[in-house]
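Residues in the sequence shown are numbered consecutively from 10, following our numbering.
Think of the CB as a built atom: it goes at the ideal place given N, C-alpha and C, for glycine as much as any other residue.
Since the structure is predicted, the reported quantities are computational estimates derived from the model, not experimental observations.
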Amino acid sequence: MRFQAKVERESGVGVSIGSHSCTAALKAYGGIKRIAFLSPYYPVANKEVARYFTESGFAVVRDLYLECKSWTAIAEVPTDVLREKLIELNGDAGDVDAIIQVGTNLSMVRLAAAAEMWLGKPVIAINTATYWHALRQNGILDKIPGLGRLLEEF
10 MRFQAKVERE
20 SGVGVSIGSH
30 SCTAALKAYG
40 GIKRIAFLSP
50 YYPVANKEVA
60 RYFTESGFAV
70 VRDLYLECKS
80 WTAIAEVPTD
90 VLREKLIELN
100 GDAGDVDAII
110 QVGTNLSMVR
120 LAAAAEMWLG
130 KPVIAINTAT
140 YWHALRQNGI
150 LDKIPGLGRL
160 LEEF
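Now the structure itself:
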């Protein structure tokens, strides 16, 4: 929060940060307690992501990391790999209320929207959450179809 406040103070405009946007999105759906997340990072970074979500009031049931070797490699992860990871994160036991994708260079906007339909639960891409949050924080309440429930309903 201090970082966000500093940026807003220095720039003179409001900002939306991916981590805060994701927690706001989870709260917008309502009733989400147990989450899983996918990242392009390494285990050490995932521990910090898990800590953030836990401190934000969510139980992290499981996480997966892709161990991408560079920032550009993150953008090159094939959709079929991401789809398999979402299925793995969902698990068999129905113990996850929602799935989050973190890492803004790992664009999953359209895949997350489609995955909500076949997984039957919220699947939130960080870029979608950040865009949604920025709109709502600035009083723009337009609904945008085709990019998931977050932009269509909340």
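A straight-line Cα-Cα distance of about 31 Å links His142 and Ala102. When the beta-carbon positions are compared, Ser65 and Thr32 come within less than 7 Å of each other. The straight-line gap separating the alpha-carbon atoms of Gly112 and Glu162 is approximately 24 Å.
For Ala134, the CB contacts under 6 Å within the same chain, skipping 5 residues up- and downstream, are Gln110, Met117, Val118, Ala121 in chain order. Taking a C-beta distance under 7 Å as the contact criterion, Leu98 and Leu75 do not qualify as a contact pair. Excluding residues up to 5 positions away in sequence, Val24, Ile26, His29 lie with their Cβ nearer than 8 Å to the Cβ of Gln13 in the same chain. DSSP places Asp104 outside both helix and strand once states are collapsed to three, so it counts as coil. Around the beta carbon of Ile149, fewer than 16 other beta carbons sit within 10 angstroms, so the residue counts as exposed. When DSSP states are grouped into helix, strand and coil, Asp89 belongs to the helix group.
In the structure shown, the three-state DSSP call for Val53 is helix.
Taking all protein chains shown into account, Lys94 has 16 or more neighbouring C-beta atoms within 10 Å of its C-beta and is therefore buried. With a cutoff of 7 Å on beta-carbon distance, Ile153 and Leu159 are scored as not near each other.
DSSP places Ser48 in the strand class (E or B) of the three-state scheme.
A residue is called buried once 16 or more other Cβ atoms fall within 10 Å of its Cβ, and Pro52, having fewer, is exposed.
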